[in-house]
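The opening position of the sequence shown corresponds to residue 1 in the UniProt record's numbering, with each subsequent residue numbered one higher.
Here a beta-carbon is modelled for each residue, glycine too, at the ideal position from N, C-alpha and C.
Okay, structure first, notes after.
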Amino acid sequence: MQDGTTLITLDNVRVYYASSPDKVRKAVDGVSLHVHKGEWISIVGANGSGKSTIAGLLIGFTPLSSGSRIVEPDVTIRGVLQHPDAQVLGDTIEEEFHFALSSLSVSAEEKRIRREQALHTVGLRMSPDTTISRLSGGQKQLLNIAVALSAKPDILVLDEPTAMLDPGARERIESIVEHIIQQGTAVIWITHHLEEATLCDRIIAMDNGGCVYDGDPVAFFYALEVEGNVSRNVESESICLKLGLDPPFTVKTAQLLKQQGMLPQATPLRPEQLVREVSS
Numbered sequence: 001m002q003d004g005t006t007l008i009t010l011d012n013v014r015v016y017y018a019s020s021p022d023k024v025r026k027a028v029d030g031v032s033l034h035v036h037k038g039e040w041i042s043i044v045g046a047n048g049s050g051k052s053t054i055a056g057l058l059i060g061f062t063p064l065s066s067g068s069r070i071v072e073p074d075v076t077i078r079g080v081l082q083h084p085d086a087q088v089l090g091d092t093i094e095e096e097f098h099f100a101l102s103s104l105s106v107s108a109e110e111k112r113i114r115r116e117q118a119l120h121t122v123g124l125r126m127s128p129d130t131t132i133s134r135l136s137g138g139q140k141q142l143l144n145i146a147v148a149l150s151a152k153p154d155i156l157v158l159d160e161p162t163a164m165l166d167p168g169a170r171e172r173i174e175s176i177v178e179h180i181i182q183q184g185t186a187v188i189w190i191t192h193h194l195e196e197a198t199l200c201d202r203i204i205a206m207d208n209g210g211c212v213y214d215g216d217p218v219a220f221f222y223a224l225e226v227e228g229n230v231s232r233n234v235e236s237e238s239i240c241l242k243l244g245l246d247p248p249f250t251v252k253t254a255q256l257l258k259q260q261g262m263l264p265q266a267t268p269l270r271p272e273q274l275v276r277e278v279s280s
């Protein structure tokens, strides 16, 4: 649950690459953001918009061309990349946890407990001596998430974490995130599946390396006009549509109902919210 405490700040950050001898690609161009304790942020955008570069900056993998990255004292950051093999270090599950937890000042017994709890949390019921090369892509991704969780991070960066998972595992990861943000962990979830962005507190939309939206999910998916403390739907395109992104099925269904004169002021993001609106 967010409490306003800032954990990490990106201040006017830029990441430029030389794509050819006389051409520079601006992967991230002048983005600023603050991440707070217990906050769930979804970063969305088209391919090449800069989402994964922001993930690398937050984790600390990607060097800055300019700007600053400020991490508050004693803040632990862990990340899970979209390609599971890219961050595997050990040959077995036990070795993977050993490398991940070796820098922590905890006992061997505590490390064992954390490993068992993390594997149970993500639904991997395997022996610690299981060879990682035998795992499927989805199992490797669940292992990477478990390893990150075992460090009990203050910030967890997930870059397309469900890309290789089945629907059941995807729902499990969403539930895990809902649980750990209640404990104060900040989660940054990078995704191009916008259904996954409907549970977050805040959406950041990237386009051509810049941040073009940073705010409430409802205002991102629906065109709203605010008068005082009251918001109402207006006849125009949402920011999501203006960016050429595909809204969640629930949002598209609600918009079709609005066109038929139904649910004029409703702004459901999740299927269960739409059901309540239709039945009320």
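Exercise. Got a sec, what are the start and stop residues for the beta strand (DSSP E) leucine 33 sits in?
Worked result: Counted from its first residue, the sequence shown places residue 33 at position 33. Looking at the DSSP string, the run of the beta strand (DSSP E) that includes leucine 33 is 23-36.
For this session: With a floor of 4 residues, list each alpha helix (DSSP H) that falls wholly inside the region 173-242, ordered by position along the chain.
Result: With a minimum length of 4 residues, the continuous alpha helix (DSSP H) runs that stay inside the region 173-242 are 217-221, 239-242.
Problem set entry | valine 106 in three-state terms, based on DSSP | The residue labelled residue 106 in the question sits at position 106 within the sequence shown. Reduced to three states, the DSSP call for valine 106 is coil.
Exercise. In chain order, what residues of the same chain have a beta carbon less than 8 Å from the beta carbon of leucine 241, not counting five sequence neighbours either side?
Worked result: Residue numbering aside, residue 241 sits at position 241 when the sequence shown is read from its first letter. So the list reads Pro247, once near-sequence residues are dropped.
For this session: With distances taken Cα to Cα, identify the nearest neighbour of alanine 18 among Lys26, Asp11, Asn12.
Result: Here residue 18 refers to the residue found at position 18 when the sequence shown is read from its first residue. Selected option, being the one with the closest Cα: Lys26.
Problem set entry | CA-to-CA distance, aspartate 154 to glutamate 227, given in whole angstroms | Along the sequence shown, read from residue 1 onward, the residue named residue 227 stands at position 227. Along the sequence shown, read from residue 1 onward, the residue named residue 154 stands at position 154. At glutamate 227, the pLDDT of 49 sits below 50, so the modelled position is not reliable and the matter cannot be decided from this model.
Exercise. Where does methionine 206 land, buried or exposed, given buried means 16+ other C-beta within 10 angstroms?
Worked result: In the sequence shown, the residue the question calls residue 206 occupies position 206. Under this definition methionine 206 is a buried residue.
For this session: Could you check which residue in Gly56, Pro167, Ser66 has the C-alpha nearest to that of aspartate 159?
Result: Locating residue 159 in the sequence shown gives position 159, counting from the first residue. Cα-wise, what sits closest to aspartate 159 is Gly56.
Exercise. So, is glycine 50 buried or exposed, given that buried needs 16 or more other C-beta atoms within 10 angstroms?
Worked result: If you number the sequence shown from 1, residue 50 lands on position 50. The residue is buried, with at least 16 neighbouring Cβ atoms inside 10 Å.
Problem set entry | Backbone CA spacing between aspartate 129 and glutamate 94 [nearest angstrom] | On the sequence shown, residue 129 is found 129 positions in, with the first residue counted as 1. On the sequence shown, residue 94 is found 94 positions in, with the first residue counted as 1. If you take the alpha carbons of aspartate 129 and glutamate 94, they lie about 6 Å apart.
Exercise. When the distance is taken between beta carbons, is serine 65 closer than 8 Å to arginine 14?
Worked result: As a position in the sequence shown, residue 14 is number 14, starting the count at 1. As a position in the sequence shown, residue 65 is number 65, starting the count at 1. Yes, these two residues count as a Cβ contact at 8 Å.
Exercise. Along the chain, where does the alpha helix (DSSP H) that runs through glutamate 144 open and close?
Worked result: Position 144 of the sequence shown, counted from the start, is the residue given in the question as residue 144. The sequence as given places asparagine at residue 144; glutamate does not occur at that position. First-last of the alpha helix (DSSP H) with asparagine 144: 137-150.
For this session: Taking only runs that begin and end inside the region 33-115, name each unbroken beta strand (DSSP E) of 3 or more residues, in chain order.
Result: Listed in chain order, they are 40-44, 66-71, 77-80.
Exercise. Taking the alpha helix (DSSP H) that threonine 250 falls in, what are its first and last residues?
Worked result: Residue numbering aside, residue 250 sits at position 250 when the sequence shown is read from its first letter. Residue range 249-259 is occupied by the alpha helix (DSSP H) that includes threonine 250.
For this session: Taking leucine 263 as part of the alpha helix (DSSP H), name the residues at either end of that continuous run.
Result: Residue 263 sits at position 263 when you count from the first residue of the sequence shown. Unbroken run through leucine 263: none, as it is neither H nor E.
Problem set entry | CA-to-CA distance, alanine 186 to histidine 120, given in whole angstroms | To locate residue 120, count along the sequence shown from 1; it is residue 120. To locate residue 186, count along the sequence shown from 1; it is residue 186. Cα-Cα distance, rounded: 21 Å.
Exercise. In or out: threonine 131 buried (at least 16 other Cβ within 10 Å) or exposed?
Worked result: Against the sequence shown, residue 131 aligns to sequence position 131. When all chains shown are included, threonine 131 counts as exposed.
Exercise. Going along the chain, which residues of its own chain have a beta-carbon closer than 7 Å to the beta-carbon of glycine 210, five neighbours each way excluded?
Worked result: For this step, residue 210 is matched to residue 210 along the sequence shown. If we look at glycine 210 and ignore the five residues flanking it on each side, its Cβ neighbours are Asp29, Gly30, Val31.
Exercise. Where does serine 133 sit, in a helix, a strand or coil, going by DSSP?
Worked result: Translated into the one-based positions of the sequence shown, residue 133 becomes position 133. DSSP places serine 133 in helix when its eight states are reduced to three.
Exercise. For histidine 36, which of Gln183, Gln87, Ile173, Ala148 has the nearest alpha-carbon?
Worked result: By 1-based counting over the sequence shown, the position of residue 36 is 36. With distances taken between Cα atoms, histidine 36 lies closest to Gln183.
For this session: Identify every residue that forms a DSSP beta bridge with residue 329.
Result: Since the first residue shown for the chain is 1 and the last is 280, residue 329 is missing from the structure and cannot be characterised.
For this session: Would you list the residues sitting across from leucine 165 in a DSSP beta bridge?
Result: Indexing the sequence shown from 1 puts residue 165 at position 165. Answer is none; leucine 165 lacks a bridge partner.
Exercise. For proline 217 versus leucine 269, is the C-beta distance shorter than 8 Å?
Worked result: On the sequence shown, position 217 is the one that residue 217 refers to. On the sequence shown, position 269 is the one that residue 269 refers to. For proline 217 and leucine 269, yes; Cβs fall inside 8 Å.
Exercise. In three-state terms, what does DSSP make of leucine 269?
Worked result: Looking up residue 269 in the sequence shown gives position 269. Residue state, collapsed to three classes: coil.
Problem set entry | Reduced DSSP secondary structure (H/G/I, E/B, other) of leucine 119 | Walking along the sequence shown from the start, residue 119 turns up at place 119. Helix at leucine 119.
Exercise. Using 8 Å as the threshold, is the region 157-171 in touch with the region 70-81, meaning 3 or more CB pairs across them?
Worked result: Result yes; three or more Cβ-Cβ pairs closer than 8 Å.
Exercise. How many angstroms separate the CA atom of glutamate 178 from the CA atom of glycine 90?
Worked result: Residue mapping note: residue 178 aligns to position 178 of the sequence shown, counting from 1. Residue mapping note: residue 90 aligns to position 90 of the sequence shown, counting from 1. Their Cα atoms are separated by approximately 29 Å.
For this session: State the DSSP-derived secondary structure class of glutamate 277, mapped to helix, strand or coil.
Result: Position 277 of the sequence shown, counting from 1, holds the residue named residue 277. Here DSSP, grouped into helix, strand and coil, assigns glutamate 277 to helix.
Problem set entry | N-terminal and C-terminal residue of the beta strand (DSSP E) that aspartate 159 is part of | What you label residue 159 is simply residue 159 of the sequence shown in a count that begins at 1. From DSSP, the beta strand (DSSP E) with aspartate 159 extends over 155-159.
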